[in-house]
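Down below is the structure, laid out as structure tokens.
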Amino acid sequence: MLNLLQTSKVETCNSPAGEANETSERFAGPLGENFKRIPMLTAARKLLPMSRCHVLVVEDEQTIAQNVVEYLEAQGYTVDIAYDGKAALVQLGQQTFDVLVLDLGLPRLDGQQVLQQLRHQLGLTLPVLVLTAREAMSSKQACFEAGADDYLVKPFSLAELSLRVHALHRRATGAMSSGPLRAGPLRLDLRAQQAFVGDKVVHLSPRCLKILEVLMRDPGRLVSRAELEEALWPDGPPDSDALRSQIHLLRRALSQEGFNGVETRHGLGWRLQTADEA
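Positions 17 to 294 (the numbering used here) are the ones given, in order, by the sequence shown.
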């Protein structure tokens, strides 16, 4: 496990029972005030299933790299790390990854050169999220022309990074299709906007259906409060209890039909139990 570094400040928000609390540590390092990580992730990571999304993080700043890895692992991803460009190309040539998070200012081989070799020499098509302090339009243009799929400027929010990684993986795997989603006894017909437990219809509001859709797109993956709130209220939730209320309604409706597989991870988020756990 990666070693955690000392932080300058700890902020905690206590939420009602059954709701995922937000506990974070804020770094006063290279990422400034917008860089946070969730502490005490060791136990949580041991309880999570192996994610189907394999991410390679390429970043030479160890404080940034280690805590990006910790955060993504807490969200249910499998994450490897490389600290320079040449090491990244070696790993990309030897393993299969679903998403690449790539810094530009790397030792031994610049991130833009890694991107070019990734596309033209290795012929890989995996989504690439560029993570860099370079905010000039010329840098963004060069990266997109070289084959980048997304671009995030430091300082950044870890929650936003996780959302972008998830969106890239979802698009790459075709998860936006309108066909029915299945997870154990659950079935969600996206076209009809109707949920089922076995053959029993579950009557859900549009927002509860949206929560269930997000959870069912990747059963077992931990979904953060930020991701669910963004899916339900793009302009921001109406109040701090809005999401908790919707989760409660969803759980109650599913439980009435015999399904109790929506799990809370306090301080982290929610996940849908996999068929093996049900």
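Ideal placement from N, C-alpha and C gives every residue a C-beta, glycine not left out.
Spatial neighbours of R223 in its own chain (CB-CB distance under 6 Å, excluding positions within 5 residues in sequence) are listed in chain order as L248 and Q262. Taking one beta carbon from each stretch, the region 181-190 and the region 107-121 have 3 or more pairs nearer than 8 Å; the two touch.
Secondary structure at K226: helix, using DSSP grouped into helix, strand and coil. The three-state reading of DSSP puts F160 in helix, counting H, G and I together. Within a 10 Å sphere around the beta-carbon of M232 sit 16 or more other beta-carbons, which makes this residue buried. Ranked by Cα distance from Q132, the first of E273, E161 and D257 is E161. Here L197 has R203, L204, L206, E229, M232 and R233 as same chain residues with Cβ atoms under 8 Å from its own Cβ, once five neighbours each way along the sequence are excluded. In this structure, L145 lies near R180, with their beta-carbon atoms less than 9 Å apart.
Distance from the Cα of V106 is smallest, within the candidate group S173, H182, T79 and L138, for L138.
In the DSSP assignment, L168 forms a beta bridge with L147. Ranked by Cα distance from R287, the options E245, I227, G274 and A269 are led by I227.
The beta-carbon distance between V130 and G101, rounded to whole angstroms, is 5 Å. This is short enough to meet the 8 Å contact definition.
In this structure, Q82 keeps its C-beta atom at 9 Å or more from the C-beta atom of H182.
DSSP places L108 within a helical segment (H, G or I) once states are collapsed to three. Secondary structure note for E245: its alpha helix (DSSP H) is the uninterrupted segment R241 to L248.
Take G274, set aside five residues on each side of it, and the residues of its chain with a beta-carbon closer than 7 Å to its own are V213, in chain order. Beta-bridge partners of L116 (DSSP): L72 and V144. Using a 10 angstroms sphere on the CB of D165, the tally of other CB atoms reaches 16 or more, which defines it as buried.
The Cβ neighbour count for D119, taken over all protein chains shown within 10 Å, is at least 16; the residue is labelled buried.
In the DSSP annotation of this structure, G127 is not part of any beta strand (DSSP E); the continuous alpha helix (DSSP H) holding it starts and ends at G127 to H136.
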